[in-house]
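2 protein chains.
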Amino acid sequence: MSNSEKKKVTIYSVANEAGVSLATVSRVINDSGLVKQETKDKVEAAIVKLGYRPNAVAQGLALKKTTTIALVVPDSSFLYIGKIINGLLDVAKIYKYNITLHTTSSSINEMSEIIDNIVKSRADGVIIYNESLSNSESEVLNSFQVPMVYIGHKTTNLSSCNVYVDYSQALYELVNEYLDKGIDDIIIVEDRKNPDTISQIISGISRAYEEHGKKFDGYVEIPEQYHNSYEFLNEYFSRHKHDVVISMRDSQAVAVLNTCRENGIRVPEDTDVISVLDSRINDMVRPRISSFVIPSYDLGALAMRVMTKMLNGETVKERDYKLNYIYERKASTKN
Amino acid sequence: MSNSEKKKVTIYSVANEAGVSLATVSRVINDSGLVKQETKDKVEAAIVKLGYRPNAVAQGLALKKTTTIALVVPDSSFLYIGKIINGLLDVAKIYKYNITLHTTSSSINEMSEIIDNIVKSRADGVIIYNESLSNSESEVLNSFQVPMVYIGHKTTNLSSCNVYVDYSQALYELVNEYLDKGIDDIIIVEDRKNPDTISQIISGISRAYEEHGKKFDGYVEIPEQYHNSYEFLNEYFSRHKHDVVISMRDSQAVAVLNTCRENGIRVPEDTDVISVLDSRINDMVRPRISSFVIPSYDLGALAMRVMTKMLNGETVKERDYKLNYIYERKASTKN
DNA sequence: AGCATTATTGAAAATGCTTACATTTTGCGC
DNA sequence: GCGCAAAATGTAAGCATTTTCAATAATGCT
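And the structure:
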């Protein structure tokens, strides 16, 4: 009756109950074919009767694989990676993989600690979302001996795959349009949190400027903390007014929106405001902010799909998977 | 040179390298004391030299525990549970537990599939965040034979713990204040997604009304989808005007805010708008919405801490952990 | 019926660790 | 030096699977 009396049921119990050897039971649960239908039925009946659930840990030991993959993400913004995780988990479910979640704050030794942990757990693979990896972090990661997929961050690690959106091209096309119309007072406001992404973005913008025979110097660096950045922007827009203000995330774009308004700058009449990354916030702001819609769910789903391919030994022809973005014009831009 | 030549290093390799038995190595890595300092040094040198990392899978098999706990969350709003996850992971890191992530959509058989998966993986415990469990889901969960902690949802399952915020009391106190001032035209707008939470909230409000000799009937049900609800609210506020509008999440409160504005209702001059749950959205809206600040991070951290206690066999005196909320008055209320 | 195949099954080793128990070493008092 | 307890180390039996290889049963053919 009591829980403690309930004895654990192993493959032996099942073998015993069905009157076969444990090897046969193993064959049945792994669907390996060569078992007579009759005995298969007996075994399956025993499994149901005893409520047997194969022990994945023992399987992991015997098979030298865990069907577990480790996901490493920054601990800050689940706001932006929520959809990525959803996509990833959906695909993981299809292929019967489990996901372990690991977050990195920015402390120095953190990454190697996490990796140590992942190595011990013998995950079959690692998926990393991190827009800004330091050199030492990259180095640690490169020493990893398991399949790796990077999301949103193109690496030079030859043995891993990358799933990302080409911000550079996206911004190039956007800015190009403005320049074609003769609008060239464009700035981008950002903090230093994501140096890689920022440099991609700026390279795209710069290319557009160069092709128009101009030089881009509109990078305005803002403080990292939201409230600080808010103050900074408030101060900034009390002195400046531009045709176009681009920011990395819609949360920052909203700060731009609010501070512009507080300084008598009308959006979009006086200034176009654009956000590169979109999140649910944007549903709730008026005016809605024109932005690129990043296919977050697809990023996650594709990353996981690529991972399964790597693990199945399917040859992955492509190391790089570039996803499309869509620019959505909303109420914060007039052009 | 090549990776394929690299042979795996096990506890045997280390024992061999150090010239001791594997038992001794095991004692060293588990810090079990009774090893002479001298041999301990030898072993540790060998570990470093070979780059040995204990295989957690084999350990799991030998010890019958995985130091892994499974986290089950709804697949929808990482917006609200991001901080919970952060708190949970931080504590998990301290106690060296790994977290596997499982999401539930609302499909019927999903929960038992997830549980099947978790049982197979032999997680040491399960933490569940889900505001609305169906009866059949609860039943499946109750049959679980591992320690469980529920976040934000008080269950009657005797063998599990609950970590939650008492919405009923929170709303009681809030509404009480209004009623004391003679303001009683209060409504709450919500969809049916979280029946449990909603009924808690309404019970709190009702209690306040009753103590003032009145009856509460201000529950306005709105459609689940954001855009539908937006239309609904727009229509609604073209016909109604109330002293106070309460909604469950700040995303909905923003919809209220916007639709009020579009119908010429000024906030807070004409109507107070209040949100029960707070998220980062609220930083970005003007006016900021008065809301309860739910201690999300603490919910997650405490849940994990309670779990570690259950797993260590420390007696958990309390099954229920009620956390405090703070009501923050912001610009969307005048009262 | 007898033999050669082939389809099923079982026995046992392997997976990498922990730990109870056995054995060896050490230290100490005389 | 000797004896004995305590400390240190080693041996081997689990832990729950998979899988190779050998053994057995079933089948087809003459």
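Chain order of the listed sequences is C and B.
So for the first sequence, numbering that gives the first Met the number 0 puts the first residue at 0; every next one is plus one.
So for the second sequence, numbering that gives the first Met the number 0 puts the first residue at 0; every next one is plus one.
Note that CB positions come from ideal geometry on N, CA and C, so glycine has one too.
request  = Check the Cβ-Cβ distances between I126 (chain C) and every residue of chain B, and say whether any is below 7 Å.
outcome  = no
query = How is the beta strand (DSSP E) around L276 (chain C) delimited, first residue to last?
reply = Per DSSP, L276 (chain C) belongs to the beta strand (DSSP E) from D271 to L276.
key: Near-chain C residues of the region 78-93 of chain B (beta-carbon distance less than 7 Å), N- to C-terminal order   = L78, G81, I84, N85 and L88
inquiry  = Would T258 (chain C) pass as an interface residue toward chain B - the criterion being a Cβ-Cβ separation below 7 Å?
reply    = False, the Cβ-Cβ gap to chain B never drops below 7 Å.
task = For I280 (chain C), I'd like the list of residues in its chain whose CB is within less than 8 Å of its CB, leaving aside the five on either flank, ordered along the chain.
result = L78, D249, S250 and V253
inquiry  = Mapping the DSSP letters down to three states, classify D165 (chain B) as helix, strand or coil.
reply    = coil
ask   = Which residue's Cα is closest to the Cα of E89 (chain B): B:L301, B:R206, B:D269 and B:A169?
value = Note that residue 89 (chain B) corresponds to Asp in the displayed sequence, not to Glu. Measuring from the Cα of D89 (chain B), the nearest candidate turns out to be B:L301.
request  = Identify, in the order they occur along the chain, each residue of the same chain with its Cβ nearer than 8 Å to the Cβ of I113 (chain C), setting aside the five sequence neighbours on each side.
outcome  = V71, H101 and T103
ask   = Hey, which unbroken runs of the alpha helix (DSSP H) at 4 residues or more fall wholly within the region 204-273 of chain B?
value = 225-236 and 249-261
message = According to DSSP, simplified to helix, strand and coil, what is K334 (chain B)?
response = The residue asked about is misnamed: residue 334 (chain B) is Asn in this sequence, not Lys. N334 (chain B) falls in the coil class under three-state DSSP.
query = So, do the region 265-274 of chain B and the region 201-220 of chain B have three or more beta carbon pairs nearer to each other than 8 Å?
reply = They do not touch, by the three-pair rule.
query = For chain B, is any of its Cβ atoms less than 7 Å away from the one on R248 (chain C)?
reply = Not an interface residue.
key: Classification of K92 (chain C) by the beta-carbon crowding that lies within 10 angstroms, buried from 16 upward   = Buried, because 16 or more other Cβ atoms sit within 10 Å of the Cβ of K92 (chain C).
ask   = Taking a cut of 8 Å between CB atoms, which residues from the region 46-77 of chain B lie near chain C?
value = Near chain C, meaning a CB-to-CB distance below 8 Å, the residues of the region 46-77 of chain B are R52, P53, N54, A55, V56, A57, G59, L60, T65, T67, L70, D74, S76 and F77.
key: Reference L232 (chain B), options B:E261, B:D30, B:I150 and B:S205, closest by Cα   = B:E261
request  = Taking only the alpha-carbon atoms, compute the straight-line gap between Q58 (chain C) and K64 (chain C) and give it to the nearest angstrom.
outcome  = 8 Å
message = Would you say M283 (chain B) lies against chain C (beta-carbon separation less than 7 Å)?
response = yes
message = Determine, for V253 (chain B), whether the minimum Cβ-Cβ distance to residues of chain C falls below 7 Å.
response = yes
key: E189 (chain B), buried or exposed, once every other Cβ within 10 Å from all chains shown has been counted against 16   = buried
task = Quick one: grab the DSSP three-state call for S335 (chain C).
result = With chain C represented from 0 up to 334, any question about residue 335 (chain C) goes unanswered, as that position is not in the structure.
key: Same chain, Cβ closer than 8 Å to S1 (chain B), neighbours up to 5 away in sequence not counted   = At S1 (chain B) the pLDDT is 37, less than 50, meaning the model places this residue with poor confidence; the figure from the coordinates comes in the next sentence. Within the same chain, S1 (chain B) has no close Cβ partners at all.
Between the CA atoms of A45 (chain C) and T66 (chain B) - distance to the nearest angstrom = Rounded to whole angstroms, T66 (chain B) to A45 (chain C) spans 30 Å at the Cα level.
query = Are the beta-carbon atoms of R206 (chain B) and Y177 (chain B) separated by less than 7 Å?
reply = No, the pair does not count as a contact, with Cβ atoms beyond the cut-off.
key: Contact with chain B by R26 (chain C), beta-carbon distance below 7 Å   = Chain B contact via Cβ: absent.
key: L173 (chain C) (DSSP reduced to helix, strand or coil)   = Three-state DSSP puts L173 (chain C) in a helix.
query = So, is R304 (chain C) buried or exposed, given that buried needs 16 or more other C-beta atoms within 10 angstroms?
reply = buried
ask   = By Cβ distance below 8 Å, which residues in the same chain neighbour P53 (chain B) in space, the five residues on each side in sequence not counted?
value = Result list for P53 (chain B): I10 and I28, in chain order.
Buried or exposed by the 16-neighbour rule on C-beta atoms within 10 Å, applied to G181 (chain C) = Exposed, since its Cβ has fewer than 16 Cβ neighbours within 10 Å.
query = Just how far apart, CA to CA, sit T196 (chain B) and K192 (chain C)?
reply = 37 Å
task = Within its chain, find whatever has a CB closer than 6 Å to the CB of I342 (chain B); leave out the 5 residues flanking it on each side and keep chain order.
result = Summary: the structure shown does not reach residue 342 (chain B), with chain B confined to residues 0 through 334, and so no result is reported for it.
inquiry  = Just list the residues that DSSP pairs V148 (chain C) with in beta bridges.
reply    = V148 (chain C) is bridged by DSSP to C:I126 and C:C160.
message = Output needed for K48 (chain B): all residues of its chain with C-beta closer than 8 Å, excluding positions within five of it in sequence on either side, in chain order.
response = E16
ask   = Should N334 (chain C) go down as buried or exposed, given a rule of 16 or more other Cβ atoms within 10 Å for buried?
value = exposed
query = Is it true that the CB of A14 (chain B) sits closer than 7 Å to the CB of T69 (chain B)?
reply = Per the sequence presented here, residue 69 (chain B) reads as Ala, with Thr not at that position. No.
key: Simplified DSSP assignment, three categories, for F291 (chain B)   = strand
ask   = T99 (chain C) touches chain B at which residues, Cβ-Cβ below 8 Å?
value = Near T99 (chain C) (Cβ distances below 8 Å), the residues of chain B are T67, N97, I98, T99 and L100.
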